[in-house]
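Novice: Numbering (my numbering), first residue to last: 17 to 332.
No residue lacks a Cβ here, since even glycine has one placed at the ideal position from N, Cα and C.
Below you will find the structure I want to go over with you.
Written out as structure tokens, the structure reads:
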């Protein structure tokens, strides 16, 4: 694409053109639900804040417990009993509590979500791993956001054109772990007691303060998801469908508490109807979404888009 300036013709990168089109589309889409003649005092500086004039959304968000654990906000036995069957937990509540004490004695997880401010608009991109990201050219648009949340083994190297390069927060559990740089926040989603022991081993220095070759993230940038929040998402958002929510959908709901404006990428089946990942070749097409209610999660993401709470980029 070219435009003229005086005697010169300037070429605009196709990727930049796509990004500009998307940004204008998001702005117009947000403004379509925005009233200029009357404005209540706004919680954020965005054109349209998440909690603006939607009783359904405000009610469902108001039911959310605090999403992250802390020394003062530990799981109850009821929370533990719901969480215990998710991946065949074998320990009892006493052992679980002792393990948590070890965690809180070693690291101080970031427990609070920042409240909205009228002078700030925090834009978030939640980047799933669906194969529908291949060929999307969403990379520059994703990197434009203030907060970019990636999930599990989601990677950028070799896929920058479609998924971008920026990561501010990364969701993982031990089996989906990837090494983070020293400035990326770890959003740790534990599903069994040994996960906490793995976390300690992956964060603390070696003997006599020696560097830890297994270090996975900066121990000062860790938040640990609370089982009560997992239960809330399963019960309230997904109406108790399937066994429990996927890490991706948990990240989407979490972003609604962390951010003022949310855009979602890389969710749902690919163009052939398979639940694949953009960074690997799918070998078993029968897997679908395992114990997670993938179809229900997808429908809820579409519903949030239709209600103008998020903008959902479906890929090509």
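Just confirm the distance between the C-beta atoms of residue 216 and residue 118, as a whole number of angstroms; I'd bet it's less than 8 Å.
Specialist: 7 Å
Novice: Counting Cβ pairs closer than 8 Å, one from the stretch 245-254 and one from the stretch 106-118, do we hit at least three?
Specialist: Contact check between the stretch 245-254 and the stretch 106-118: fewer than three CB pairs, one atom from each, fall below 8 Å, which does not count as touching.
Novice: How many angstroms separate the CA atom of residue 132 from the CA atom of residue 275?
Specialist: 8 Å
Novice: Between the Cα of residue 153 and the Cα atoms of 212, 257, 114 and 294, which residue gives the shortest distance?
Specialist: 294
Novice: Check this for me: beta carbons of residue 171 and residue 232, under 7 Å apart or not?
Specialist: Against a cut-off of 7 Å, the Cβ pair of residue 232 and residue 171 comes out as no contact.
Novice: Would you grab the beta carbon distance between residue 278 and residue 76 for me? Rounded to a whole angstrom, and I think it's under 8 Å.
Specialist: No, residue 278 and residue 76 are not in contact; Cβ-Cβ is about 14 Å, not under 8 Å.
Novice: Span of the beta strand (DSSP E) holding residue 188?
Specialist: 185-188
Novice: The alpha helix (DSSP H) spanning residue 118 covers which residue range?
Specialist: 109-122
Novice: Measure the Cβ-Cβ separation of residue 186 and residue 200 and say whether it is below 7 Å.
Specialist: Their beta carbons are under 7 Å apart, which means residue 186 touches residue 200 by this criterion.
Novice: With a 10 Å radius around its C-beta and 16 neighbouring C-beta atoms as the bar for buried, classify residue 319 as buried or exposed.
Specialist: exposed
Novice: Under the rule that 16 or more other beta-carbon atoms within 10 Å means buried, what is residue 291, buried or exposed?
Specialist: buried
Novice: In whole angstroms, give me the CA-to-CA distance for residue 177 and residue 283.
Specialist: 17 Å
Novice: How would you label residue 209, buried or exposed, when you count the other beta carbons within 10 angstroms and need 16 or more for buried?
Specialist: When all chains shown are included, residue 209 counts as buried.
Novice: DSSP three-state call for residue 201: helix, strand or coil?
Specialist: strand
Novice: In angstroms, rounded to a whole number, what distance separates the CA positions of residue 321 and residue 315?
Specialist: 10 Å
Novice: Taking only three categories from DSSP, how would you classify residue 164?
Specialist: strand
Novice: Residues in the same chain with beta-carbon distance under 7 Å from residue 270, minus the five sequence neighbours each way, listed in chain order, please.
Specialist: 83
Novice: Let's test the definition: count the other Cβ atoms within 10 Å of the Cβ of residue 288 and tell me whether it reaches 16, buried, or not, exposed.
Specialist: exposed
Novice: Can you name, in chain order, every residue of its own chain whose Cβ lies under 7 Å from the Cβ of residue 144, other than the five neighbours on each side?
Specialist: 167, 264, 281, 282 and 283
Novice: Can you tell me whether residue 220 is buried or exposed? The criterion is at least 16 other CB atoms within 10 Å of its CB, across all chains shown.
Specialist: By the 10 Å Cβ count, residue 220 comes out exposed.
Novice: How would you label residue 267, buried or exposed, when you count the other beta carbons within 10 angstroms and need 16 or more for buried?
Specialist: buried
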